[in-house]
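At position 394 of the sequence shown the residue is numbered 394 (the UniProt record's numbering), and the sequence of numbers has no breaks.
Glycine included, C-beta positions come from ideal geometry on N, C-alpha and C.
Remember, predicted model here, so these are calculated numbers, not experimental data.
Notes for the one structure printed next.
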Amino acid sequence: MGENGDKHSGSQESNSKKPESKNHSGVPKSDLWTDGLICAFEFIRGAKKHVHLKQEDGHTRVTEFNHNPFVDSSAADVPRSRSASSLNFIDDHLLPTAQAERYEGSRWVPIGWARISELVQTVQVNAEWPSLELIDDEEDVPVTDLAAPYWERPGGPTWWCHMAAGHSSVEAWLRNATWLHPAISLALRDESKLISERMRHLLYEVPVRVAGGLLFELLGQSVGDPVISEDDVPVVFRSWQAKNFLVTVMHVKGNVSSTNVLGVTEVEELLYAGGYNVPRTVHEVIAHLACRLSRWDDRLFRKSIFGAADEIELKFMNRRNHEDVNLFSIILNQEIRKLSRQVIRVKWSLHAREEIIFELVQHLRGNVARQLLEGLRKNTREMLEEQEAVRGRLFTIQDVMQSSVRAWLQDKSLRVSHNLAVFGGCGLVLTIIVGLFGINVDGIPGAQNTPYAFGLFTLLMVIIGAVLIAVGLVYLGLKKPITEEQVEVRKLELQDVVKIFQHEAETHAQADPELEAIRQRRMQELMAQHGTGKQGSQQNPDQERAQEDAKREADERRQMMLSQILSSQARERIARIALVKPEKARGVEDVILRAAQMGQIVEKVSEERLITLLEQINSQTTKQTKVTIQRRRGVDDD
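So this is what it looks like as structure tokens:
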């Protein structure tokens with residue numbers, strides 16, 4: 001940089017000795033930032049270092065002069081090349097020869113109003129700008145028509161200042177800035193001033209190239225204080241970039257106790273920290289601002305808006321069994337209606353961000369800035385898809401809720417109609433009784449000798465009607481609602497069934513009882529073939545114990561399955577059969593288990609059905625039984 005940069009570098013060292021304060025976010029707050037100046041930095045370029053480039057096998061090898069053998073710069077290149085926020089920056093104007101230049105020790109230093117006044121003196125402006133005056137008739141004229149566009153090669157110091165709109169010092173400084181076109185100064189001070197005629201009918205502004213610089217807007221949010229339940233407030237950054245400097249003015253779209261724009265705070269921390277990943281140009285600073293602001297917008301959208309959709313779904317799924325669904329749906333519909341409006345605003349904001357990013361990609365230079373903006377564009381598309389998914393979830397919840405309300409109303413109507421039918425049936429019986437007595441010409445029985453016959457008869461009819469209604473409600477009424485105890489018992493039963501099948505899957509148990517019986521019979525035959533006695537006594541005890549355990553587990557599983565299929569009376573009958581004919585009882589059990597596995601048994605087998613099954617088995621056994629008599633042949637038989 002020129003003499004101004006060297007001069008300020010020395011002055012900054014003296015200023016750095018002053019004590020620094022910190023704001024609520026933990027970022028050091030310079031004493032130079034006063035009178036509406038939120039933050040301001042100047043880029044101090046380090047000393048030049050010549051680098052020799054060699055081309056080998058299509059790759060470029062860097063040979064550095066004055067190389068330190070103990071510090072290898074290639075290791076420092078790895079974090080920057082892999083960093084998502086600061087990618088490898090390649091200048092557009094590379095040297096045609098095999099020599100290149102590298103700057104070491106470059107950093108961003110805080111500056112104040114005094115240094116900013118010195119820097120703006122170096123800005124070359126059009127001599128006609130100070131004499132221009134805006135009149136009242138030009139309020140509706142866009143800035144692009146007032147500021148004549150021209151282009152100059154960027155030059156001068158690299159610096160950035162960020163200010164708060166509405167402050168008296170900031171307003172006076174921008175109004176008296178002779179290095180700014182009057183229309184640009186007005187656009188920075190007045191956020192409602194239209195930038196471009198193209199955006200007159202839209203709700204956002206896109207970057208435009210005008211008056212030798214770039215005039216654009218960035219959108220963000222000031223995070224509210226959760227302690228006092230303060231809402232997040234949107235903010236707009238009117239920005240002006242020309243040559244190598246950037247001026248941003250923050251306009252708050254609401255009333256807040258204190259601004260807390262975390263995206264700008266992160267960029268301040270990045271510039272304070274310095275290092276190899278620090279932005280090198282104002283184009284990279286703009287890209288970092290856009291990325292950080294958008295990233296925090298996405299986080300706040302997911303927390304306050306997209307998270308609210310999860311809360312609505314959670315409320316709907318955790319409703320009580322016998323709750324008034326109509327009242328519950330009214331409450332959730334109000335929340336869904338409010339959330340739908342917020343989701344639509346998020347969609348508009350994302351579309352505006354997408355258009356701004358598209359234009360910034362066209363105007364900003366450098367690989368780092370372009371790659372940051374391309375990543376931001378991809379994230380914006382993902383946020384749009386996520387927003388559409390949230391809208392779909394809200395519509396799904398609303399549809400399911402309306403179906404639940406309809407089912408609840410139908411159930412209520414059915415209950416009322418059923419009770420009315422019971423009452424009507426009882427009333428019909430009373431009508432028949434009264435009608436039978438009414439046709440008697442002698443009147444009510446006992447009316448002649450009993451003066452209270454009518455009252456007694458009426459009381460008798462009332463008692464009969466009450467008894468009929470009670471009996472009708474008990475035997476013909478609707479079932480009682482399912483209690484929590486019944487639900488818990490049924491859940492335990494289902495868990496037991498799942499555990500049984502999981503155990504069978506883990507132990508690879510044989511599901512077919514016939515195959516299990518064949519396996520056991522084959523095992524006994526093999527043991528008999530190998531012999532008994534001494535060889536049997538030499539069998540490993542662990543193997544015998546394992547075989548016994550396996551057999552016992554198989555019997556337990558078999559009995560558990562039979563207990564679920566057979567009723568208690570049927571199990572008692574099979575047990576009595578097993579006392580006399582164990583083979584027949586086991587065969588009947590095998591038939592029942594096979595039928596249950598094939599899905600032929602859908603309910604518990606009662607004793608009557610078991611008797612029918614035994615008769616079928618006996619009849620089949622009788623038909624298949626054959627008696628064959630073989631006569632011994634004699635010697636003289638042919």
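Looking only at its own chain, which residues have a Cβ that is under 7 Å from the Cβ of residue i, when we skip the five neighbours before and after it?
| i | result |
| --- | --- |
| residue 465 | 426, 430 |
| residue 474 | none |
| residue 614 | 588 |
| residue 222 | 232, 233, 235, 252, 256, 259, 260, 261 |
| residue 567 | 604, 605, 606, 607 |
| residue 405 | 325, 326, 329 |
| residue 309 | 339, 390, 393, 394 |
What whole-angstrom Cβ distance do residue i and residue j have, given they're in contact under 8 Å?
| i | j | result |
| --- | --- | --- |
| residue 593 | residue 561 | 6 Å |
| residue 253 | residue 267 | That pair is no contact at about 21 Å. |
| residue 301 | residue 346 | 5 Å |
| residue 356 | residue 245 | About 21 Å separates the two Cβ atoms, so there is no contact after all. |
| residue 380 | residue 350 | 6 Å |
| residue 250 | residue 38 | 7 Å |
| residue 120 | residue 179 | 5 Å |
| residue 565 | residue 605 | 6 Å |
| residue 387 | residue 422 | The pair is not a contact, with the Cβ atoms about 53 Å apart (cut-off 8 Å). |
| residue 241 | residue 213 | 6 Å |
| residue 160 | residue 41 | 5 Å |
| residue 220 | residue 296 | 7 Å |
| residue 192 | residue 206 | Going by Cβ atoms, the distance from residue 192 to residue 206 rounds to 16 Å, so no, they are not a contact pair. |
| residue 123 | residue 243 | 7 Å |
| residue 434 | residue 401 | Not confirmed; about 49 Å, so no contact. |
| residue 336 | residue 398 | 6 Å |
Look at the alpha carbon of residue i and the alpha carbon of residue j, and state the distance between them as a whole number of angstroms.
| i | j | result |
| --- | --- | --- |
| residue 600 | residue 563 | 17 Å |
| residue 45 | residue 273 | 15 Å |
| residue 331 | residue 411 | 21 Å |
| residue 326 | residue 396 | 17 Å |
| residue 417 | residue 569 | 41 Å |
| residue 299 | residue 314 | 21 Å |
| residue 618 | residue 558 | 23 Å |
| residue 204 | residue 484 | 56 Å |
| residue 169 | residue 175 | 10 Å |
| residue 590 | residue 542 | 30 Å |
| residue 164 | residue 255 | 14 Å |
| residue 586 | residue 523 | 19 Å |
| residue 383 | residue 493 | 45 Å |
| residue 194 | residue 177 | 20 Å |
| residue 319 | residue 497 | 28 Å |
| residue 521 | residue 608 | 33 Å |
| residue 490 | residue 499 | 14 Å |
| residue 352 | residue 237 | 14 Å |
| residue 157 | residue 209 | 21 Å |
| residue 279 | residue 293 | 16 Å |
| residue 323 | residue 469 | 28 Å |
| residue 377 | residue 354 | 6 Å |
| residue 463 | residue 456 | 11 Å |
| residue 106 | residue 271 | 11 Å |
| residue 551 | residue 580 | 23 Å |
| residue 419 | residue 409 | 15 Å |
| residue 527 | residue 486 | 51 Å |
| residue 227 | residue 501 | 53 Å |
| residue 364 | residue 311 | 41 Å |
| residue 583 | residue 598 | 23 Å |
| residue 362 | residue 172 | 33 Å |
| residue 572 | residue 472 | 38 Å |
| residue 275 | residue 503 | 60 Å |
Among the residues of its own chain, which have a CB less than 8 Å from the CB of residue i, if the five just before and after it don't count?
| i | result |
| --- | --- |
| residue 340 | 391, 394 |
| residue 596 | 561, 565 |
| residue 167 | 35, 36 |
| residue 385 | none |
Measuring only between beta-carbons, confirm whether residue i sits less than 7 Å from chain C.
| i | result |
| --- | --- |
| residue 409 | The structure shown has no chain C; it contains just one protein chain. |
Leaving aside the five residues before and after residue i along the sequence, list all residues of the same chain whose C-beta is less than 6 Å from its C-beta, in chain order.
| i | result |
| --- | --- |
| residue 574 | 585 |
| residue 287 | 369, 372, 373 |
| residue 248 | 162, 237, 239 |
Practice item. Identify every run of the alpha helix (DSSP H) within the segment 215–253, keeping only runs that are complete inside it and at least 4 residues long; order them along the chain. Key: none
Review point. Counting pairs of Cβ atoms below 8 Å between the segment 255–265 and the segment 179–188, do you hit three or more?
Key: no
Review point. Is there contact here, the segment 105–112 with the segment 32–45, by at least three beta-carbon pairs under 8 Å?
Key: By the C-beta criterion, the segment 105–112 is judged to be in contact with the segment 32–45, since at least 3 inter-stretch pairs fall below 8 Å.
Exercise for review: Note down, one range per segment and in chain order, each alpha helix (DSSP H) of at least 4 residues found wholly within the segment 268–348.
Suggested key: 282–300, 307–317
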